[in-house]
Amino acid sequence: MSDYLHAGWLALLQGVTEFLPVSSAGHLALAPRLFGWPDQGLAFDVAVHVGTLLAVVVYFRADVGRLAVAWFASITGRPATLHSKLAWALLFATLLISIAGALLESLVAGQLRSVTAVALATMGFGVLLGLADWRGAKNRALESITWRDITVIACAQVLALIPGASRAGVTISAGLAMGLTREAAARFSFLLAMPVIAAAGVWQARGLFGGGGDGHGDLGAPAWGVLGFATVLSAAVALLCIHCFLGFARRHSLLPFVIYRVALGVILLLAFR
Numbered sequence: 002m003s004d005y006l007h008a009g010w011l012a013l014l015q016g017v018t019e020f021l022p023v024s025s026a027g028h029l030a031l032a033p034r035l036f037g038w039p040d041q042g043l044a045f046d047v048a049v050h051v052g053t054l055l056a057v058v059v060y061f062r063a064d065v066g067r068l069a070v071a072w073f074a075s076i077t078g079r080p081a082t083l084h085s086k087l088a089w090a091l092l093f094a095t096l097l098i099s100i101a102g103a104l105l106e107s108l109v110a111g112q113l114r115s116v117t118a119v120a121l122a123t124m125g126f127g128v129l130l131g132l133a134d135w136r137g138a139k140n141r142a143l144e145s146i147t148w149r150d151i152t153v154i155a156c157a158q159v160l161a162l163i164p165g166a167s168r169a170g171v172t173i174s175a176g177l178a179m180g181l182t183r184e185a186a187a188r189f190s191f192l193l194a195m196p197v198i199a200a201a202g203v204w205q206a207r208g209l210f211g212g213g214g215d216g217h218g219d220l221g222a223p224a225w226g227v228l229g230f231a232t233v234l235s236a237a238v239a240l241l242c243i244h245c246f247l248g249f250a251r252r253h254s255l256l257p258f259v260i261y262r263v264a265l266g267v268i269l270l271l272a273f274r
């Protein structure tokens, strides 16, 4: 991965799709197949994940501060607050997805990355998103979230290990199904993204040091200029995307994303049959 144009397109793709309910993993898995590009490499994947992590931390920096303060207060015995509950919820959900990811890594990296599997997941989970948006009560703010809601959303997030499912898509769908407003479901999904993206980045980065057993350990000297460019670009695009999506979710249904996902899945099945 030394071509700035190639890196730019992939970083743009990661930045746009990470926080929209369309699956960044599915798009990144399909891009090399669709355009005949070589695999971008593990170092590049880590770099763009760092970029999107920076974007969500910067956007929710005030929330991050409140969550940290509330969590430390809770472990000293102070009464629970919304932010301490959310902080513990993020830790719980991250632990769950980390365990599932470690156990299912070989399956996810193998059979589930085929074009057919990605296409079916893109369509299937897109339809579920549409049903949750249509049938959900959408009358509960984030302040009303309960441990039942948190457990459901955390368990749903495990499905995001399937390329094409979309981490944002499944968590927003679960939030909507539990009656949260679109904005509340999206906001919790974005907060949940911070520890999950960090954990995924650490898990991926292990392959950069000592081999990792997956054939990606000996990458040689990475092209630091390209990686830095990709990190900054993915961060900038993701930051804009978070802002725009939250504004969109306040006023509109998620039907355009459902239509896009179903159309993309059909195109992929027809193109690669």
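The numbering used here puts the first residue of the sequence shown at 2, with every later residue one more than the last.
Using N, Cα and C, we set each Cβ at its ideal position, and we do this for glycine too.
Check, Outcome
"Cβ-based burial, residue 28 [other Cβ within 10 Å; buried from 16]", "buried"
"Contact set for residue 186: own chain, Cβ-Cβ below 6 angstroms, skip 5 residues either direction", "173, 176 and 177"
"Residues that residue 181 bridges to, as DSSP identifies them", "141"
"Inside the region 87-164 only - alpha helix (DSSP H) runs reaching at least 4 residues", "116-136 and 148-159"
"Residue burial classification, residue 257 (beta-carbon count within 10 angstroms, cutoff 16)", "exposed"
"Residues near residue 48 by beta carbon distance below 6 angstroms, same chain, minus five either side", "228, 231 and 232"
"Separation of residue 170 from residue 23, as counted between CA atoms", "6 angstroms"
"Spatially closest choice to residue 81 from 123, 147 and 133, by CA coordinates", "147"
"Proximity below 7 angstroms, CB of residue 200 to CB of residue 95", "yes"
"Buried/exposed call for residue 126, threshold 16 Cβ in 10 Å", "buried"
"Sequence-distant residues of the same chain with beta carbon closer than 6 angstroms to residue 236, five excluded per side", "52, 55 and 56"
"Coil, strand or helix - residue 1 by DSSP", "Nothing can be reported for residue 1, as the shown portion of the chain is limited to 2 through 274."
"Cβ neighbour criterion (16 or more within 10 Å) applied to residue 260", "exposed"
"Cα-Cα separation between residue 267 and residue 120, rounded to whole angstroms", "7 angstroms"
"Top-ranked residue by Cα proximity to residue 140, from 269, 251 and 234", "251"
"Assigned secondary structure, residue 253 (DSSP; H/G/I helix, E/B strand, else coil)", "coil"
"Own chain partners of residue 263 with C-beta closer than 6 angstroms, once the 5 adjacent residues on each side are dropped", "124 and 127"
"Neighbourhood of residue 195 by C-beta distance below 8 angstroms, restricted to the same chain and skipping five residues each side", "54, 57, 58, 61, 65 and 91"
"Beta-carbon contacts of residue 181 that lie in its chain and below 6 angstroms, excluding the five residues immediately before and after", "141"
"Distance between beta carbons of residue 85 and residue 74, contact taken as under 8 angstroms", "6 angstroms"
"Residue 167 burial status per 10 Å Cβ neighbour count (16 or more: buried)", "buried"
"C-beta atoms of residue 243 and residue 158 nearer than 7 angstroms", "no"
"Same chain, Cβ closer than 7 angstroms to residue 254, five either side skipped, listed in chain order", "134"
"Euclidean distance between Cα positions of residue 202 and residue 113", "20 angstroms"
"Distance between residue 138 and residue 215 (C-alpha atoms, nearest Å)", "Any reading at residue 215 needs caution, since the residue's pLDDT is 43, under 50, leaving its predicted position unreliable; the model's value is listed next. Distance between the alpha carbons of residue 215 and residue 138: 45 angstroms."
"Beta carbon of residue 279 nearer than 7 angstroms to that of residue 238", "Residue 279 cannot be examined here, being either before or after the span of the chain that is shown, 2 to 274."
"Cβ distance (whole Å) where residue 143 is taken to contact residue 188 below 8 angstroms", "6 angstroms"
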